[in-house]
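In what follows, a structure is listed as structure tokens, so that the remarks can point back to it.
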Amino acid sequence: MEMTLRWYGPGFDPVSLDQLRQIPGLHGVITSLMAKQPGEIWALEEINGLKAEVEAKGLKIFGIESVNISDDIKIGNGKRDEHIENYIKTLENIGKADIHMICYNFMPVFDWTRTDLARVRKDNSTVMAYNQDLIDTIDPADLRGSMEKMANGFTLVGWEPERLAKLKELFEAYKDVDQEKLFNNLVYFLEAIADVCAKYDIKMAIHPDDPAWPIFGLPRIVKNKDDIVKLLKAVDKPHNGITLCTGSLGTNPNNDICEIINAAKGRIPFAHIRNLKYNSPRDFEEAAHLSADGSMDMYKIMKALHDSGFDGVIRPDHGRMIWGEVAVPGYGLYDRALGACYLNGLWEAICKNEA
Ligand code: CS2
Ligand code: MN
927 MEMTLRWYGP GFDPVSLDQL RQIPGLHGVI TSLMAKQPGE IWALEEINGL KAEVEAKGLK
987 IFGIESVNIS DDIKIGNGKR DEHIENYIKT LENIGKADIH MICYNFMPVF DWTRTDLARV
1047 RKDNSTVMAY NQDLIDTIDP ADLRGSMEKM ANGFTLVGWE PERLAKLKEL FEAYKDVDQE
1107 KLFNNLVYFL EAIADVCAKY DIKMAIHPDD PAWPIFGLPR IVKNKDDIVK LLKAVDKPHN
1167 GITLCTGSLG TNPNNDICEI INAAKGRIPF AHIRNLKYNS PRDFEEAAHL SADGSMDMYK
1227 IMKALHDSGF DGVIRPDHGR MIWGEVAVPG YGLYDRALGA CYLNGLWEAI CKNEA
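FYI, my numbering numbers position 221 of the sequence shown as 1147, with every residue one higher than the one before it.
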């Protein structure tokens, strides 16, 4: 298992590699070329430039999160095949740069969705939160505006201004895309990239839906164990894997994370481990990674991962904003560093207890 943290890259992340490299047990990062638009080719030089920056600090790139999938590929229209061709060229270059894991998502329009990016807790730290009543009443365009206002001036992944400036057209473009069509488009994409992934030993790790149910009438197809098993069977090839994101799948308390781990055994190259707290069936908020701070049992999850033979990459996912830090919401240094150390501690205890 390799413990990593996400680093948004130069110019996009107030957290530095110099800070990350001082987290004990951290040997690398998950990163991306944040300025690239979905559908563009990533040149080998650009990837090697990012790699050189990370390696100059004694760290390694253990994966890319993300090479985003264009809406044309998700909808299955217009430039789909051109964008898939470009994606294949990008995968070739990522493979040539000796990087072998990509986290991506197939959520229509929005990536993870929250209604509050800085809900104040009793300890005066802040967390991201979700309230279904608000989602049921807010216009998506207003949600976009409020997310941008709460984002501390940072670009939120999946909420890129360029893409969401065309929000009305996007919803129009997806109007005939139901779950089945979205799923078939995902299979089409995964089959098209199978050869290049085999050639360069690249594992694609699809990120689950967050929250794990359809929102604004948009279909979502990576919500639970059945969805995941169906996808892994539909393209039963080594490159087709999942990102086990406990905080995304965990938004639905009916999702048994340990059961999902066992159902996807051997097909989990990447895991986002984070905790959350259910306030009601229609309201949840994020939490510190420590089990007792939220509603999830992080020991049980890490044990299930270990016992499933997991040998992939882990990163602590969204943390609280603590100690007055201002950073990309969910991606402050301090609480993710605390999370990385806690998760490493759990892992060490599980491994030594097995010995
Ligand atoms: C991330 C996702 O911040 C997060 O919740 O886990 O945005 C993830 O990076 C994307 O869905 C992957 O494409
Ligand atoms: Mn995640």
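The C-beta atom is built at its ideal place from N, Cα and C for all residues, glycine as well.
query: Status (buried if at least 16 other CB within 10 Å, exposed otherwise) for residue 942; result: exposed
query: 4-residue-minimum alpha helix (DSSP H) runs that sit fully inside the stretch 1075 to 1134, ordered along the chain; result: 1087 to 1090, 1093 to 1099, 1105 to 1118 and 1120 to 1126
query: Any non-hydrogen atom of the ligand NAP within 7 Å of residue 1198 CB; result: The ligand content of the structure shown is limited to the ligand CS2 and the ligand MN, which means the ligand NAP is not among them.
query: Residue burial classification, residue 1277 (beta-carbon count within 10 angstroms, cutoff 16); result: exposed
query: Reference residue 1215; option with closest CA among 1205, 1243, 1236 and 1259; result: 1243
query: heavy atom of the ligand CS2 below 7 Å from residue 1038 C-beta; result: yes
query: Residue 979 vs residue 936 beta-carbon contact at 8 Å; result: yes
query: Coil, strand or helix - residue 996 by DSSP; result: coil
query: Close Cβ partners of residue 940 (< 6 Å) along its chain, the five nearest in sequence each way excluded; result: 1253
query: Terminal residues of the alpha helix (DSSP H) in which residue 974 lies; result: 970 to 981
query: Touching by the beta-carbon criterion (3+ pairs, under 8 Å), the stretch 953 to 968 and the stretch 987 to 1006; result: yes
query: Cut-off 7 Å between Cβ atoms - residues of its own chain near residue 1012, not counting five sequence neighbours on either side; result: 965, 966 and 967
query: Inter-stretch contact at 8 Å, needing at least 3 Cβ pairs: the stretch 1043 to 1057 / the stretch 1107 to 1121; result: no
query: Cβ pair count under 8 Å reaching 3, the stretch 1193 to 1200 against the stretch 1164 to 1175; result: yes
query: Residue 1041 - DSSP class collapsed to helix/strand/coil; result: coil
query: Residue nearest to residue 1118 in terms of C-alpha spacing, selected from 1233, 1260, 1268 and 1009; result: 1009
query: Given 8 Å, three or more beta-carbon pairs between the stretch 1025 to 1042 and the stretch 1093 to 1105; result: yes
query: Contact test: residue 1220 Cβ vs the ligand MN heavy atom, cutoff 7 Å; result: no
query: Between the CA atoms of residue 1024 and residue 1127 - distance to the nearest angstrom; result: 9 Å
query: Cutoff 8 Å: residue 1162 Cβ touching any chain C Cβ; result: Among the chains of the structure shown, chain C does not appear; only one protein chain is present.
query: Reduced DSSP category for residue 991 - H, G, I as helix; E, B as strand; rest coil; result: strand
query: Residue 1325 burial status per 10 Å Cβ neighbour count (16 or more: buried); result: Coverage of the chain is limited to positions 927 through 1281, which leaves residue 1325 absent and any answer about it impossible.
query: Closer than 7 Å: residue 1173 CB and nearest the ligand MN heavy atom; result: yes
query: C-alpha distance - residue 1006 paired with residue 1027, whole-angstrom precision; result: 22 Å
query: Pairwise C-alpha distance: residue 1236 and residue 1061; result: 36 Å
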